[in-house]
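Participant: Please find one structure pasted underneath; my questions will follow.
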Amino acid sequence: MHNITQKDLKALSKLACIHLEEKDSQGFIKELPGILDWIDKLKAINTTGVSELEMKKDDYLRERNDEITSDVTMDDLLDNAPSKKQNMFSVPKVIE
Amino acid sequence: MIKLSELTLTKALKALKNKEFSAVELVKAFLNHIENHKDEFNIYITKTEDLALKQAAESDKRLRDNKERALEGLPIAIKDIFCTKGIKTTAASKILENFIPPYESTVTKKLFDAGAICLGKTNMDEFAMGSFNTNSAFGPVTNPWYLKDKPNKRFIPGGSSGGSAAAVAGYFALAATGTDTGGSVRQPAAFCGITGIKPTYGLCSRFGIIAYASSFDQAGPLTINVEDAALMLSNMAGFDPKDSTSVDVKIPKYLDNLNPDVKNLRVGIIEECFNHISDDNKKLLNQGIEWLKSEGASIHNVHLKTLEYALPVYYILTPAEASSNLARYDGVRYGFREKKVKNISDFYEKTRGIGFGKEVKRRILIGTYVLSAGYYDAYYTKAQDIRKMIKHDFENIFSKVDVLLTPTAPTEALAFDEEPTDCVSVYNNDFFTVIANLGGLPAISVPTGFGSNRLPLSLQLIGPALSEQRLFNVGYALEENSQFHKQEKTLLI
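So the sequence lines, in the order shown, correspond to chains A and B.
Under my numbering, residues 1 to 96 are what the first sequence spells out, in order.
Under my numbering, residues 1001 to 1493 are what the second sequence spells out, in order.
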C-alpha cells in the first residue's frame, strides 16, 4: 500500500511546478495512493527481455531538413503574450 | 423548412447539389437551432456565426458554378483542441481561455479546404483528460438523450469529445471532429448514439492539435452514421510533413468503397472481455455476433492476456507524456498568467496552479511521479515494455482474425448524479477503448442497440493498422442489421 505524505506531495508539486491549495492537497493525498496501488498490478508481469525486442522500421521518427517553413510572424506570436514590451515577452522583474 | 433531424452529411450534400436549399439557408437553420437551445447543453465554447455565413456564401457560389468540393457547404463543429487560425482555441482550460492561434491545424485546414463550414468550437474535457466531459473550465456538457420515464434526469455525454458528440446527436452540427487518446471519440459517440472512429495512429496529422499524450493522440470524426464517418475521414486524413509521425499512405475514398459484405470475414472475440462485461453489453455483443454470422462471417475466440493490464499501462504512459507536453504552459508567452507572485518559482507555480483544473493537475502529478528518479524504471519503463507486449499480442491476433468485436463503453450514459467519485472507477470507463490506442490501431464505434435504461449502446470494431475501409464496411453491416437509426430517439429537442 502506497502512502503519500504532505511532504511527498509538496516535493512532487514542486517538481511539477504546480501550486496546490490546501483543499486540493488533502484530496490528492487521499487519491494518489489508490491510483499508485492500482498501477502497481503491473509488477505481476514478467517483462524480462522485452526492452530488447527489436524495433521495427516504422518505430523510428522521420527526420526533416532543418529549414524554416512556418509563416507565423513575430507579431503573430506576440499577439498572445500576456504582457509584452518592445517586441519582446515581458515578465515580472526577478531579483533573488 | 429544413428538417435538421432528417439530415446526414451525404443527404445534405445531395440536397445542396440538387438546390433543395442553399448552404446559407442550411447554416442559418443550424445557427437558429443552436440559438434556440443555447442554455441547455453547453456544447459550444465559441460560436463562429460570421465565419460560417461567409464560408456558406462561398460554398453557394461554388455550387452555382459547379465547382463544388468534397464537403461543399456542410456545417460541422470543431473540438476546441484543434488550433483554428484567428479563432479562440482553449482546450477547455482556463490556462488557454484567451488563446488565439496564429496558425491552422492540418485537419481543420483540410476540412475547410474541402468546403466544410465551421459552426464553432466544441466543449470538451480540459486538455482531453476525462471520460465524462465534466472536467471543462467552461462547465459540463449535457447529453441530448433523456429517459421518457425520468424526464428531468440529465445524462453525461461521455468524454473527452463530449461537446462534439452532443452537437451531432442533438443536430447542432452535421458532423464534428474529435480527438481520441484512450477512447475520447468512441466513448462519447457511444453515449450519444452516434458513430465515431479513431483511425490508425499517424493517419490524421497531429499538427495544430493541442497535445495531451503524443504517442496516443489521434483525430477522428463523430458523425450520425458510418457513411458520414467514411466521408469525413477521407477529408481529414493524409500525409503531413509537419507531423513527424504522419503515415505516408494514399487515403482511399472510403465512402465510394463502402460495402457491407462480410462473407468469409474472420471476427475475433476477446475472451478476457467477458470478465468485465455487463449483462446489457453481453446481450448486445451476442447479438452482434449473430448479425455477422448471419451475413457469412466466422467467429473465433481469441486471447488478449495483457488486456487487464492495458488501463494501468495507459494511466502511466499518458500522464507521463502529459506532464512533459503541458510543461509549456508557463504564463510567459501565451495563456493565463497570475500576476500576484513573489518570485520566479511562485510565478510558474501559481500560474499553473490556478490555470489548470483538478484532473489536469492530478495527471501531471502522476506523470511527474512515474518519471521521477527512483520510480522511472519501476513504472515508466515497465509500462513501455508491457505496451510492446500488447502490440505483439495484437500482431498475433491479427494473423488469425480480420477484426475484433467488443462493446465500446462498459455502460449506457450515466446520469450526472451517477458519476463515480473515485478516480480508478472513472478510468475504468476506458476499459474497451484504450487497447486500440496502445496498439496504434484503428477502431470504430457504431450504435447498435439500447441498454436496460433505453439509452444507446454501441459495439466497437478494432482492426490491424490501416484497415479503416474494413472497419467502415463491417461497421456498415452492423448498422444495417441493427436498424438503430430507424428506431425512436428520445432526445430533448
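Quick reminder that beta carbons are idealized off the backbone N, C-alpha and C, glycines included.
Keep in mind the model is a prediction, meaning the values are calculated, not measured.
Does the beta carbon of L1119(B) sit closer than 8 Å to a beta carbon anywhere in chain A?
Facilitator: Here residue 1119(B) refers to the residue found at position 119 of the second sequence. No, L1119(B) lies away from the interface with chain A (no Cβ there is under 8 Å from its Cβ).
Participant: Is it the case that the stretch 1242-1252 of chain B contacts the stretch 1191-1206 of chain B, given that we only count it when at least three CB pairs across the two stretches are under 8 Å?
Facilitator: Yes, since at least three Cβ pairs between the stretch 1191-1206 of chain B and the stretch 1242-1252 of chain B fall closer than 8 Å, the two stretches touch.
Participant: Out of Y1334(B), I1364(B), T1306(B), which one is the CA nearest neighbour of E1271(B)?
Facilitator: Residue 1271(B) sits at position 271 when you count from the first residue of the second sequence. Comparing Cα-Cα distances from E1271(B) to each of Y1334(B), I1364(B), T1306(B), the minimum goes to T1306(B).
Participant: Could you work out which residue in Q1187(B), F1099(B), V1168(B) is closest to R1333(B) when comparing CA atoms only?
Facilitator: Numbered from 1 along the second sequence, position 333 holds the residue referred to as residue 1333(B). It is F1099(B) whose Cα lies nearest to the Cα of R1333(B).
Participant: Give, in chain order, every unbroken run of the alpha helix (DSSP H) that is at least 4 residues long and sits entirely within the stretch 1101-1128 of chain B.
Facilitator: Runs of the alpha helix (DSSP H) inside the stretch 1101-1128 of chain B: 1106-1113.
Participant: Any beta carbon of chain A sitting closer than 8 Å to that of G1130(B)?
Facilitator: Taking the second sequence and counting its residues from 1, the one referred to as residue 1130(B) is at position 130. Not an interface residue.
Participant: Please name the residue, chosen from F1336(B), I1289(B), V1424(B), K1391(B), that lies closest to A1465(B) on a Cα-to-Cα basis.
Facilitator: The count along the second sequence starts at 1 and reaches residue 1465(B) at position 465. For A1465(B), the nearest C-alpha among the options comes from K1391(B).
Participant: Using a Cβ-Cβ distance cut-off of 8 Å, determine whether D24(A) contacts chain B.
Facilitator: Within the first sequence, numbered from 1, the residue matching residue 24(A) stands at position 24. Yes, contact with chain B.
Participant: Identify whether P1252(B) lies in helix, strand or coil by the three-state DSSP scheme.
Facilitator: Against the second sequence, residue 1252(B) aligns to sequence position 252. Correct three-state label for P1252(B): coil.
Participant: Does P1312(B) come out as helix, strand or coil in the three-state DSSP assignment?
Facilitator: Residue numbering aside, residue 1312(B) sits at position 312 when the second sequence is read from its first letter. If DSSP states are grouped into helix, strand and coil, P1312(B) belongs with the helices.
Participant: Exposed or buried, what is G1353(B) when buried is set at 16 or more other beta-carbons lying within 10 Å of its beta-carbon?
Facilitator: Position 353 of the second sequence, counted from the first residue, corresponds to residue 1353(B). With 16 or more Cβ atoms within 10 Å of its Cβ, G1353(B) is classed as buried.
Participant: In this structure, does DSSP put I1269(B) in helix, strand or coil?
Facilitator: Taking the first residue of the second sequence as position 1, residue 1269(B) is located at position 269. Correct three-state label for I1269(B): strand.
Participant: Apart from the five residues just before and just after G1162(B), which ones in its own chain have a Cβ nearer than 6 Å to its Cβ?
Facilitator: Position 162 of the second sequence, counted from the start, is the residue given in the question as residue 1162(B). If we look at G1162(B) and ignore the five residues flanking it on each side, its Cβ neighbours are N1133, V1141, P1188.
Participant: Identify whether V1446(B) lies in helix, strand or coil by the three-state DSSP scheme.
Facilitator: Within the second sequence, numbered from 1, the residue matching residue 1446(B) stands at position 446. Correct three-state label for V1446(B): strand.
Participant: Shorter than 8 Å from the beta carbon of P1199(B) to some beta carbon of chain A?
Facilitator: For the purposes of this step, residue 1199(B) is taken as residue 199 along the second sequence, with counting starting at 1. Chain A, which has no Cβ nearer than 8 Å to the Cβ of P1199(B), makes this no.
Participant: Can you list, in chain order, the residues of its chain whose CB lies under 8 Å from that of K1263(B), leaving out five sequence neighbours each side?
Facilitator: Here residue 1263(B) refers to the residue found at position 263 when the second sequence is read from its first residue. Excluding sequence neighbours, K1263(B) sits near E1295, G1296, A1297.
Participant: Once DSSP output is grouped into helix, strand and coil, what is the label at L1438(B)?
Facilitator: What you label residue 1438(B) is simply residue 438 of the second sequence in a count that begins at 1. Residue state, collapsed to three classes: helix.
Participant: In chain A, which residues lie less than 9 Å from I1386(B) when you measure between Cβ atoms?
Facilitator: Here residue 1386(B) refers to the residue found at position 386 of the second sequence. Per Cβ cutoff of 9 Å: L42, I45, T47, V50.
Participant: State whether the stretch 1189-1203 of chain B contacts the stretch 1155-1175 of chain B, with contact taken as three or more CB pairs (one from each stretch) at a distance under 8 Å.
Facilitator: Contact holds: three or more Cβ-Cβ distances are below 8 Å.
Participant: Report yes if the CB atom of P1221(B) is closer than 8 Å to the CB atom of I1251(B), and no otherwise.
Facilitator: Counted from its first residue, the second sequence places residue 1221(B) at position 221. Counted from its first residue, the second sequence places residue 1251(B) at position 251. No. Outside cutoff.
Participant: With a threshold of 8 Å, are at least 3 pairs of Cβ atoms found where one atom belongs to the stretch 1229-1236 of chain B and the other to the stretch 1097-1112 of chain B?
Facilitator: Cβ pair count under 8 Å is three or more, so yes.
Participant: Name the chain B residues whose beta carbon is nearer than 7 Å to that of D76(A)?
Facilitator: Locating residue 76(A) in the first sequence gives position 76, where the first residue counts as 1. Those are P1102, listed as they occur along chain B.
Participant: Going along the chain, which residues of its own chain have a beta-carbon closer than 6 Å to the beta-carbon of I1435(B), five neighbours each way excluded?
Facilitator: Here residue 1435(B) is taken as the residue at index 435 of the second sequence, counted from 1. Within the same chain, I1435(B) has close Cβ partners A1310.
Participant: How about F1450(B): is its C-beta nearer than 8 Å to some C-beta of chain A?
Facilitator: Counted from its first residue, the second sequence places residue 1450(B) at position 450. So no, F1450(B) is outside the interface.
Participant: Compare the C-beta of R1337(B) against all C-beta atoms of chain A and say whether one is closer than 8 Å.
Facilitator: Here residue 1337(B) corresponds to residue number 337 of the second sequence, with the count starting at 1. Closer than 8 Å: yes.
Participant: Between I18(A) and chain B, is any beta-carbon pair separated by less than 8 Å?
Facilitator: Residue mapping note: residue 18(A) aligns to position 18 of the first sequence, counting from 1. For I18(A), the answer is yes, since a Cβ of chain B falls inside 8 Å of its Cβ.
Participant: Could you check what DSSP says for F1030(B) in three-state terms: helix, strand or coil?
Facilitator: Here the question's residue 1030(B) lines up with position 30 in the second sequence. Note: F1030(B) maps to helix in three-state DSSP.
Participant: Along the chain, where does the alpha helix (DSSP H) that runs through A1077(B) open and close?
Facilitator: The residue you call residue 1077(B) lines up with position 77 of the second sequence. Run containing A1077(B): none in the alpha helix (DSSP H); it sits in the beta strand (DSSP E), 1075-1079.
Participant: Evaluate the contact criterion for the stretch 1405-1421 of chain B versus the stretch 1438-1456 of chain B: three or more CB pairs, one atom per stretch, below 8 Å.
Facilitator: Yes: the two stretches touch, three or more of their Cβ pairs being nearer than 8 Å.
Participant: What are the boundary residues of the alpha helix (DSSP H) that includes S25(A)?
Facilitator: The residue you call residue 25(A) lines up with position 25 of the first sequence. Looking at the DSSP string, the run of the alpha helix (DSSP H) that includes S25(A) is 22-39.
Participant: According to DSSP, Q1460(B) sits in a beta bridge with which residue or residues?
Facilitator: By 1-based counting over the second sequence, the position of residue 1460(B) is 460. BP columns for Q1460(B) point to T1406(B), S1445(B).
Participant: Got a sec, what are the start and stop residues for the alpha helix (DSSP H) I999(B) sits in?
Facilitator: Absent from the structure is residue 999(B), since the part of chain B shown begins at 1001 and ends at 1493.
Participant: Return helix, strand or coil for V94(A), following the three-state DSSP convention.
Facilitator: Indexing the first sequence from 1 puts residue 94(A) at position 94. DSSP places V94(A) in coil when its eight states are reduced to three.
Participant: Determine the direct distance from the alpha carbon of N1032(B) to that of L1009(B), and round the result to whole angstroms.
Facilitator: For the purposes of this step, residue 1009(B) is taken as the residue at position 9 of the second sequence. For the purposes of this step, residue 1032(B) is taken as the residue at position 32 of the second sequence. One C-alpha to the other measures close to 19 Å.
Participant: Using a Cβ-Cβ cut-off of less than 7 Å, list which residues of the stretch 1317-1333 of chain B approach chain A; keep chain order.
Facilitator: So the close ones are S1323, G1331, V1332, R1333.
Participant: Helix, strand or coil: how does DSSP classify A81(A) here?
Facilitator: Counted from its first residue, the first sequence places residue 81(A) at position 81. A81(A): coil per DSSP, three-state reduction.
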